[in-house]
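Asks:
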Amino acid sequence: MLEIKDLVGGYGSVQVLNGASLKVARGQIVALLGGNGTGKSTLLKAISGLIKPWSGSITFDGERIDGLRPDLIVRRGLVQVTQGKEAFPGMTVEENLKLGAFVVRDRAKTSRALDRVYTYFPILKERRQQLSGTLSGGQLQMVCIGRGLMSSPRMIMLDEPSSALAPQVVLDIFRTIHRITQDGMTVLMVEQNVRMALLLAEYGYVIKDGVIHIEGPAEKLIHDDNVRLSYLGGTVANREASLGTGA
Amino acid sequence: MGYFIDLVIIGLSIGMVYALVALGLSLIYSGLDLVHFAHGEIYMIGAFIGLMLFRHLGIGYVPTLLLAVVLTGIVGVLIERLFYRRLTRAGGGYTVAGMGMIIAGFGMSIVLQNVAYLIWGPKALPFPVPYGRPVEIGNLALPMSYVWIVATALILMFVLNLLLKKTMIGLAIRAVAHNKDIAYLSGVNVPLMISLIFGIGCALGAAAGVLIGPINYVQVLMGTGVLIKAFAAAVVGGFGSLPGAVLGGLLVGVIESLGAGYVSGTYKDIYAFVLLIFVLMVKPSGILGVEAKVKA
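Residue numbers (the numbering used here), protein chains in the order written: chain W, 524 to 770; chain X, 109 to 404.
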C-alpha cells in the first residue's frame, strides 16, 4: 500500500535520510524503530508532505505522492499523527476532532466518523465540550489519534504514540490501536518503546543513520539482539569482540 | 458629567474605526506572523475605491461599503500572492521570512501611496454621503456618520466572530493561525487559508477607510496616521488577539477623546502613545495578550 524507495532528505543543509526504503502492505501493522536522531520522524514527515524529499520515491496505492502538499495527501487517505500530542488548546475536544474531517464534504459521514472515534475513545465523548488545553497527556494523545481517524483514512502513521505517557495509559492506547487495526486500518508506527511496538506490529524496520539497518517479522526482531544494540551502537558480533567473550 | 459622557461617546465611535484597522492588523499577524506596515495604505485604498464607486457608479452607501470591502480584500490577496509570498520561497513560510517581510511591507506602503498619487492626485477629495440629520443624545448632537461607524463596525465584528466560531472555514483559519503543520495534516489547504486571512484583514481595514472617508476627506496620506494609532491599539489589547484589537481600539478612541476634551486638542495624536507606553510598562503582552503560538 505504501512503498518508499531510496529516500534522501533532510532540513536545510542537514541531510538526515540517506536512502531509506520500506514497504507497508494493506492491512499490515508495521513498526519503525530506531534511536534518537536516526531519521524516524523525518521519514514520516517526508511521507506526509511536511518536508519535501530530495530524491527517491514515495508511492501510496500505486500513486506517487512525494512532493505533494500535505493536505492533498490527507485527501488521498494517508494521515499522520505527529509526536508531541499537538492539539489546538483554544478549541474543544469536538472542534479538534471535527477539524480532522475538514476534507469530508458529507455531514453525515463526519457524524459517523465522530461516533466511531467516540466508541474507540469513550473518554473523549464525556469531555467533548472541554477545551483541549485542559486535557491530560493520554487524553491529548487520544484527541490526536481521533482527529487522524476523522477523515476515514486508509492508512495512518503514528509518531511515538507512547511517548511521555504512563505505562497503563500506553497499554490502553495500544489496545485501542489494536482494535482500530482489527477494523481494517493499515498502520505505520514509529516507536521508542520497542517491546510494545513489536508486540503490536507484524513487521518491523530499524532505521539507523538515515537508512534501514534491520528488517523482519516482528517475532524475529523481538529476539534479535542487534535490534537493541542498534539503539546503543554496535552489533552482536562486535559486542562480543569488544567485551572479549567468545562464543 | 454630561461633557464626560459626550466625549466618551465620541471616543467610542472613532475608537470603532481604530478597532477595525487594529483587528485587520492582529488578524494578519495571527495568521501570517507578519506585522503588515502597508495596512494603513490598504485602509486608504479602500477609502478611494469606496469614493470612486459612490461617485461614479451612483450606488447607495451600503452597496458601496460592501463592494469596496470585497474589492480591497481581493487587492490584498493579489498583493500577498504576487509579492509577499515570493519572499517565502526560501522555505519556512512567513515566520522565517521575518525581517525581509516587514521591510517589504514598508516598501509596499510607499508603492501604494505613489500608485494612489498617480491615479487620484495629491488633493484631499470629499466623499459626500447624504447621511441625514445628527442624532440627539442628551446634549450631544452625534453626526449620523458616527452612528454608521458604530453600527457597521459592530455588524462586521459579529459576522467575523460567527465565521471564526461557527463555520468549518473559521475553524480552519483558527487552526492555521495556531499551528500550520497540524492544520496541514488535518487536510487544510494552508496557503489558501493564509491568502483568505490576509484578504479578510485587508477587507476590515478597507471598511474602516470607507467609514471614515466621508468625515475626514479621502487623501493619499490618510493611512499613515491611522496605522500608527491602530498599531498602538493592537499592542495595547495584545497583538494578535482579536478581542484585544477591539478593546485596544476603543480604549485609544476614548483616551484620545478625553485627552482632547480635558487636556488639549492641539496635541490630540499623542494620547494614544501615552496609553501605549503605560500599557507596555505595566503589561507588555497587552491587556488580553495572546498565548504563545507554535511557530510553523
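Cβ atoms here follow ideal geometry from the backbone N, Cα and C, with glycine treated the same way.
Can you give me the Cβ contacts of Gly-208(X) inside the same chain, cut-off strictly under 8 Å, excluding the 5 residues immediately before and after it?
Replies: Leu-195
Asks: Rounding to the nearest angstrom, what Cα-Cα distance links Thr-657(W) and Glu-609(W) in this structure?
Replies: Going from the Cα of Thr-657(W) to the Cα of Glu-609(W) covers about 13 Å.
Asks: Would you mind working out which of Lys-563(W), Arg-549(W), Pro-576(W) and Glu-649(W) sits nearest Ser-536(W), comparing C-alpha positions?
Replies: Pro-576(W)
Asks: Quick one: Cα of Asn-222(X) to Cα of Leu-384(X), how far?
Replies: 30 Å
Asks: Output, in sequence order along the chain, the residues in the segment 564-585 of chain W whose CB is closer than 8 Å to any CB in chain X.
Replies: Cβ contacts with chain X: Ser-571, Gly-572 and Leu-573.
Asks: Count the other C-beta atoms from every protein chain shown that fall within 10 angstroms of the C-beta of Asn-559(W), then say buried if there are 16 or more, exposed otherwise.
Replies: When all chains shown are included, Asn-559(W) counts as exposed.
Asks: Would you mind reading off the limits of the beta strand (DSSP E) that contains Ser-674(W)?
Replies: No beta strand (DSSP E) holds Ser-674(W); DSSP gives it neither H nor E.
Asks: Counting only Cβ pairs nearer than 8 Å, list the residues of chain W close to Arg-282(X).
Replies: Phe-611, Gly-613 and Met-614
Asks: Does the segment 110-128 of chain X come within contact of the segment 248-265 of chain X, defined as at least 3 CB pairs closer than 8 Å?
Replies: Taking a cut-off of 8 Å for Cβ pairs, the segment 110-128 of chain X and the segment 248-265 of chain X touch, as three or more such pairs fall below it.
Asks: Does the segment 688-704 of chain W come into contact with the segment 530-548 of chain W, if we say contact requires no fewer than three beta-carbon pairs (one atom in each stretch) closer than 8 Å?
Replies: no
Asks: Would you say Gly-148(X) and Gly-331(X) are within 8 Å of each other, going by their C-beta atoms?
Replies: yes
Asks: Please list the segments of the alpha helix (DSSP H) lying wholly inside the segment 311-369 of chain X, counting only runs of 4 or more residues, in order along the chain.
Replies: 330-345 and 350-366
Asks: With three or more beta-carbon pairs closer than 8 Å as the criterion, would you say the segment 587-606 of chain W touches the segment 635-647 of chain W?
Replies: no
Asks: Output, in sequence order along the chain, the residues in the segment 262-294 of chain X whose CB is closer than 9 Å to any CB in chain W.
Replies: Met-276, Leu-279, Ala-280, Arg-282, Ala-283, His-286, Asn-287, Asp-289, Ile-290, Ala-291, Tyr-292, Leu-293 and Ser-294
Asks: By how many angstroms is the C-alpha of Gly-168(X) removed from the C-alpha of Phe-80(X)?
Replies: Chain X is shown only over 109 to 404; residue 80(X) falls outside these bounds and no answer can be derived.
Asks: Only counting runs of 4 or more residues, tell me where the alpha helix (DSSP H) segments fall wholly within the segment 124-188 of chain X, in order along the chain.
Replies: 147-165
Asks: CA-CA distance, Asn-541(W) and Leu-555(W)?
Replies: 16 Å
Asks: Ignoring anything shorter than 3 residues or poking outside the segment 216-293 of chain X, list the beta strand (DSSP E) runs there in chain order.
Replies: 243-245 and 248-250
Asks: With the cut-off set at 8 Å, would you say Leu-396(X) and Ser-365(X) are in Cβ contact?
Replies: no
Asks: Exposed or buried, what is Gln-327(X) when buried is set at 16 or more other beta-carbons lying within 10 Å of its beta-carbon?
Replies: buried
Asks: Taking the beta carbon of Lys-619(W) as the centre, do at least 16 other beta carbons fall within 10 Å, making it buried, or is it exposed?
Replies: Residue 619(W) is actually Asn in this sequence, not Lys. Classification of Asn-619(W): buried, given that the 10 Å Cβ count is 16 or more.
Asks: Name the one or two DSSP bridge partners that Pro-740(W) has.
Replies: Looking at the DSSP assignment, Pro-740(W) forms a beta bridge with Tyr-726(W).
Asks: Is the shortest distance between the beta-carbon of Gly-397(X) and the beta-carbons of chain W less than 8 Å?
Replies: The Cβ of Gly-397(X) sits no closer than 8 Å to any Cβ of chain W.
Asks: According to DSSP, simplified to helix, strand and coil, what is Arg-587(W)?
Replies: strand
Asks: Given that Val-625(W) touches chain X, what residues does it touch there, using C-beta distances under 7 Å?
Replies: The sequence as given places Phe at residue 625(W); Val does not occur at that position. Those are Met-276, Ala-280, Ser-294, Gly-295 and Val-296, listed as they occur along chain X.
Asks: By Cβ distance below 6 Å, which residues in the same chain neighbour Val-237(X) in space, the five residues on each side in sequence not counted?
Replies: Tyr-169 and Pro-322
Asks: Helix, strand or coil for Ala-770(W) per DSSP?
Replies: Reliability fails at Ala-770(W), whose pLDDT of 45 lies under 50, so the model's placement of it is uncertain and the value that follows must be treated cautiously. Coil at Ala-770(W), not helix or strand.
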